[in-house]
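Chains as they are written, first to last, in the working numbering: chain G, 94 to 172; chain B, 94 to 172; chain C, 177 to 836; chain H, 2 to 245. Here is the structure we will look at, set down as structure tokens.
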Ligand SMILES: Nc1ncnc2c1ncn2[C@@H]1O[C@H](COP(=O)(O)OP(=O)(O)O)[C@@H](O)[C@H]1O
């Protein structure tokens with residue numbers, strides 16, 4: 094099955110990339126945009142099976158996200 | 094309203110991050126994972142209004158994504 | 177180039193102009209990747225990169241985007257590889273607006289008995305492809321991107337953009353050097369433009385052999401690739417090795433250690449043909465010679481363009497600016513003259529801990545570990561002057577590169593070059609090309625610096641408008657004793673300021689002409705190569721004898737900017753009296769070949785005279801001291817600017833322009 | 002620098018190990034700094050090694066392990082050798098993580114906190130001034146407390162983050178070892194090259210035997226290439242180990 098993982102900077106934690114984008118927007122003619130947060134979006138294929146959700150959670154927690162500064166969530170989509 | 098932007102490497106374009114992660118996973122105890130593609134996930138707040146979709150599309154094209162090597166799509170979520 | 181102590185230097189320059197104009201970050205990154213592969217394919221460990229960049233004027237947002245992306249791309253790839261980017265060049269002229277130039281030089285070091293050849297020989301030997309997988313990226317890259325003018329279809333060429341993977345390349349580098357050390361290779365070749373088809377035929381051609389290749393064995397990253405796509409794919413980070421069957425296992429083991437895919441895709445034959453199989457079916461069969469050595473020859477009639485003038489402008493051609501201090505500050509703020517720190521701060525220029533002279537000086541110098549020796553490196557390109565007179569311009573570029581090395585205390589040894597021109601099928605471009613190549617050859621002969629290699633980039637042209645003809649020179653010099661490297665900053669109060677050499681400044685083609693008078697016109701002065709050589713010998717002598725305390729050549733921005741830069745670097749002022757005869761603006765800002773400013777202690781001036789056997793003109797023009805840059809003419813101040821003010825303008829300009 | 006570095010006669014018996022991850026690129030620089038300028042013994046360790054026999058100090062060098070893909074240090078921390086490094090540290094062995102090595106120590110949880118992208122979002126390579134905050138560690142006792150040393154940085158992600166509670170704990174335990182400062186040792190915003198919280202440039206664990214820092218002391222051990230401000234780190238280790 095397919096997994097889609099969304100990783101976002103934790104609430105209240107500095108996001109230098111988001112800040113930079115927010116600052117750049119007015120100059121490009123986009124006014125009034127705020128709250129820009131830049132995270133990651135990861136897609137992958139993993140073996141079907143009972144424990145897929147648990148497995149994914151472990152993978153996110155251990156590797157894909159850094160729980161000190163990032164939150165994550167994922168969706169599993171059967172092929 | 095809120096916008097959620099998903100940016101992924103274009104088909105056929107090398108994704109060095111995805112490859113590196115995929116190669117590392119078995120050693121970390123995750124077997125059988127494939128097709129890893131790493132992209133970006135961006136959230137932001139933008140003013141409500143008619144043209145919001147068009148505005149977002151322009152923003153993605155001009156700043157958030159690099160349309161030469163990345164695809165993007167977005168969702169608009171009313172607050 | 178063999179430099180003694182059993183060592184040799186490998187050096188080459190390559191352009192990535194077209195890819196960088198489409199996608200600046202990836203274009204520049206893969207440019208670094210390509211040239212670095214060229215160097216380690218020779219068995220040399222890359223020890224330094226230099227980047228020569230030309231963009232349009234920074235007032236345009238697109239140009240800032242290109243600059244930002246290219247610099248970030250060079251940084252991302254070079255930094256990750258752990259190869260210091262220690263120098264280069266940065267120029268902004270309108271002529272590059274639609275066609276930026278991104279030339280990258282890589283320098284490697286190798287014990288000369290370990291140099292690897294790019295040949296496939298020995299019937300029955302194996303051909304192994306290793307590194308990244310093969311995809312559709314860059315298909316048609318070499319032919320489409322490098323050989324066509326840019327126009328509205330640029331958008332459609334985007335799918336050919338390649339993405340660099342410096343991590344894989346770093347592993348590839350270490351793996352190749354390990355194979356070299358273990359003596360596992362008959363030949364090694366990188367996959368560059370043209371992909372497998374070029375590399376395999378070049379290896380066979382150099383080895384006087386043939387190759388049977390089975391493309392069904394090539395590891396692919398995409399499904400459904402056609403055989404021709406596999407043959408011409410320009411996927412990055414791949415190498416081709418020729419290996420005896422005995423060493424196959426060894427090569428495979430090294431690849432496994434570095435986690436690289438490796439596959440035997442062919443065998444060496446004795447029939448002089450490149451035969452391509454898809455499984456059992458032969459789908460291609462060509463004599464290697466036809467592919468490599470028997471390329472067609474173009475015949476084009478050169479046409480001298482009307483803008484090339486026969487005579488130089490008169491010194492009073494332009495009105496004398498009322499405020500020469502303001503003119504100096506404007507020149508120091510020019511993006512072509514001001515500090516490049518914004519750029520090199522993004523490059524890891526210290527990794528490998530060989531940085532004996534840091535960026536920002538006349539040349540970069542890296543020491544050779546375990547030796548007193550060092551290698552000095554510069555790149556130089558001056559399209560504006562070559563535009564006014566391609567032959568004189570090219571001679572000047574070579575002379576200036578050598579002069580920069582000499583000012584650092586290095587003896588110029590060898591040249592690599594990248595010839596950036598428009599569409600050579602046009603008579604005017606062909607004329608520029610021919611003149612520049614001949615001019616460069618003359619200068620290299622006279623200065624005894626052989627050209628060891630290089631690269632040619634044509635079709636740098638859009639909407640019928642070509643870039644300035646721009647032969648970029650990369651030059652290497654040898655420093656006998658890294659303890660004696662010279663810098664350009666003034667050192668001590670009271671030191672005498674000397675002007676060495678007989679060059680006569682001119683406004684034609686100068687930064688002053690462009691910035692202050694808004695023109696590029698006239699005819700640039702020709703360099704007297706014989707005098708230039710004597711001048712450089714004297715400068716090096718003064719450094720080796722411990723007489724010179726600083727050395728800086730008069731180039732962009734003329735004598736005034738030369739003095740200002742040395743004052744800024746040294747944090748101390750200077751007072752100079754101009755010779756009678758030239759109008760002050762020409763004397764201050766005119767640019768001349770064969771001129772170097774040297775400072776020395778009063779007590780050493782006699783010694784300088786003694787070593788000046790060749791009779792190079794030496795004029796004493798002033799002394800170091802105070803905290804202002806002061807220049808007078810006929811007893812009257814024409815420049816009087818605090819060093820601190822000049823320093824601030826010079827230091828902050830680029831950052832301000834980029835941010836603003 | 003401390004005056005005339007006096008080195009124990011047993012210096013040759015002090016053994017450093019330098020870990021090579023795929024993508025490490027300051028491994029040779031660290032090796033050279035130790036073996037050429039301190040006279041101690043250095044040897045390379047491969048990231049797949051599982052034992053650290055007979056070593057006194059392990060260096061996780063700078064570079065781009067696994068290309069720094071995903072996050073700096075995120076993949077390297079799973080290398081087999083990291084299990085051995087963890088054990089080694091628990092047994093009191095000395096561990097230095099420089100730049101990417103620091104990032105790996107953070108990801109591995111051997112040091113607290115995490116790294117963000119530099120505030121300016123660009124790679125920064127330059128000399129910086131560091132104020133030695135804690136000169137009582139095995140890595141810094143050749144310096145004086147409050148001493149300002151010049152050491153280069155070269156990184157894209159050195160913007161150190163830790164939550165409030167964590168920060169108080171670091172401060173309370175004197176775990177902040179070096180901070181970015183100006184020439185006269187003041188901790189100012191201008192002196193902060195990457196946005197690090199509290200100008201933090203390097204920290205140690207509670208026990209004081211694991212040290213991570215973004216600046217590169219191994220690059221300043223030779224006057225020819227930028228000074229000797231970093232030698233004290235390796236000399237401190239040597240003195241600690243040889244009982245001086
Ligand atoms: N401007 C030049 N000056 C000297 N040699 C050159 C120049 N351009 C190309 N060469 C040499 O011609 C050969 C082929 O060059 P090129 O087609 O750029 O090959 P590659 O793709 O292998 O870099 C190389 O040996 C190169 O050094």
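A virtual CB, placed ideally from N, CA and C, is assigned to each residue, including glycine.
Under 8 Å by beta carbon: chain B residues contacting residue i
| i | result |
| --- | --- |
| residue 103 of chain G | Those do not exist, as residue 103 of chain G stays about 13 Å from chain B at its closest Cβ, beyond 8 Å. |
Cβ-Cβ separation, residue j to residue i (assumed contact under 8 Å), whole Å
| i | j | result |
| --- | --- | --- |
| residue 525 of chain C | residue 228 of chain C | Contact flag wrong, Cβ pair sits at about 16 Å. |
| residue 203 of chain H | residue 531 of chain C | Not quite, the Cβ-Cβ distance comes to about 23 Å (not below 8 Å), so this is no contact. |
| residue 90 of chain H | residue 211 of chain H | 5 Å |
| residue 100 of chain B | residue 134 of chain G | 7 Å |
| residue 611 of chain C | residue 567 of chain C | 4 Å |
| residue 663 of chain C | residue 731 of chain C | So it is not a contact: roughly 16 Å between Cβ atoms. |
| residue 312 of chain C | residue 409 of chain C | 6 Å |
| residue 188 of chain H | residue 132 of chain H | 7 Å |
| residue 593 of chain C | residue 648 of chain C | 6 Å |
| residue 25 of chain H | residue 80 of chain H | In fact, because the Cβ distance is near 11 Å, the residues do not count as touching under 8 Å. |
| residue 558 of chain C | residue 573 of chain C | 6 Å |
| residue 439 of chain C | residue 305 of chain C | 5 Å |
| residue 496 of chain C | residue 759 of chain C | 6 Å |
Beta-carbon spacing of residue i, residue j below 7 Å
| i | j | result |
| --- | --- | --- |
| residue 370 of chain C | residue 296 of chain C | no |
| residue 449 of chain C | residue 363 of chain C | no |
| residue 198 of chain H | residue 135 of chain H | no |
| residue 189 of chain C | residue 631 of chain C | yes |
| residue 776 of chain C | residue 724 of chain C | yes |
| residue 181 of chain C | residue 411 of chain C | no |
| residue 141 of chain B | residue 94 of chain B | yes |
| residue 590 of chain C | residue 177 of chain C | yes |
| residue 1 of chain H | residue 222 of chain H | Since the first residue of chain H shown is 2 and the last is 245, residue 1 of chain H is not available in this structure. |
| residue 587 of chain C | residue 674 of chain C | no |
| residue 143 of chain H | residue 109 of chain H | no |
Candidates the options: closest to residue i by CA position
| i | options | result |
| --- | --- | --- |
| residue 676 of chain C | C:366, C:573 and C:728 | C:728 |
| residue 464 of chain C | C:377, C:368 and C:500 | C:377 |
| residue 583 of chain C | C:341, C:539 and C:833 | C:539 |
| residue 516 of chain C | C:180, C:828, C:203 and C:188 | C:828 |
| residue 131 of chain B | G:143, G:110, G:158 and G:127 | G:158 |
| residue 224 of chain H | H:86, H:19, H:50 and H:34 | H:34 |
| residue 640 of chain C | C:609, C:271 and C:252 | C:271 |
| residue 381 of chain C | C:570, C:785, C:294 and C:693 | C:294 |
| residue 805 of chain C | C:798, C:811, C:818 and C:799 | C:818 |
| residue 97 of chain H | H:139, H:116 and H:40 | H:139 |
| residue 715 of chain C | C:660, C:617 and C:263 | C:660 |
Chain-ordered neighbours of residue i on chain H, where CB pairs are closer than 8 Å
| i | result |
| --- | --- |
| residue 109 of chain B | 68 and 70 |
| residue 117 of chain B | 67, 76 and 79 |
Interface partners of residue i on chain G, CB under 9 Å
| i | result |
| --- | --- |
| residue 40 of chain H | Result: empty, since nearest Cβ-Cβ is about 39 Å, beyond 9 Å. |
Partner residues on chain H for residue i, Cβ-Cβ distance less than 7 Å
| i | result |
| --- | --- |
| residue 120 of chain B | 79 |
| residue 113 of chain G | 122 |
Chain G residues whose Cβ lies nearer than 7 Å to that of residue i
| i | result |
| --- | --- |
| residue 118 of chain H | 109 and 110 |
Within chain C, partners of residue i - CB distance below 9 Å
| i | result |
| --- | --- |
| residue 33 of chain H | 529 and 545 |
Residues that residue i contacts on chain B, provided the C-beta gap is smaller than 9 Å
| i | result |
| --- | --- |
| residue 163 of chain G | Chain B residues near residue 163 of chain G: none, gap ~11 Å exceeds 9 Å. |
Cross-chain neighbours of residue i in chain C, by beta carbon under 8 Å
| i | result |
| --- | --- |
| residue 100 of chain B | Within chain C, no residue comes near residue 100 of chain B; the closest Cβ sits about 14 Å away, beyond 8 Å. |
_Any 3 or more C-beta pairs closer than 8 Å across the stretch 678–688 of chain C and the stretch 767–774 of chain C_ = Three or more beta-carbon pairs separated by less than 8 Å link the stretch 678–688 of chain C to the stretch 767–774 of chain C, which places the two stretches in contact.
- Would you check if there are 3 or more beta carbon pairs closer than 8 Å linking the stretch 562–580 of chain C to the stretch 287–306 of chain C? No contact exists between the stretch 562–580 of chain C and the stretch 287–306 of chain C.
At least 3 beta-carbon pairs within less than 8 Å: the stretch 702–721 of chain C vs the stretch 732–744 of chain C = Contact between the stretch 702–721 of chain C and the stretch 732–744 of chain C is absent, with fewer than three C-beta pairs closer than 8 Å.
Is the stretch 272–281 of chain C in contact with the stretch 200–211 of chain C, if contact means three or more CB pairs nearer than 8 Å? Yes, they touch.
Do the stretch 105–125 of chain G and the stretch 116–130 of chain B touch if we need at least three Cβ pairs shorter than 8 Å?
These segments do not touch.
- Message: Across the stretch 231–249 of chain C and the stretch 201–216 of chain C, are there enough close Cβ pairs to call them in contact, namely three or more that are closer than 8 Å?
- Response: Judged by pairs of C-beta atoms under 8 Å, the stretch 231–249 of chain C touches the stretch 201–216 of chain C, as three or more such pairs exist.
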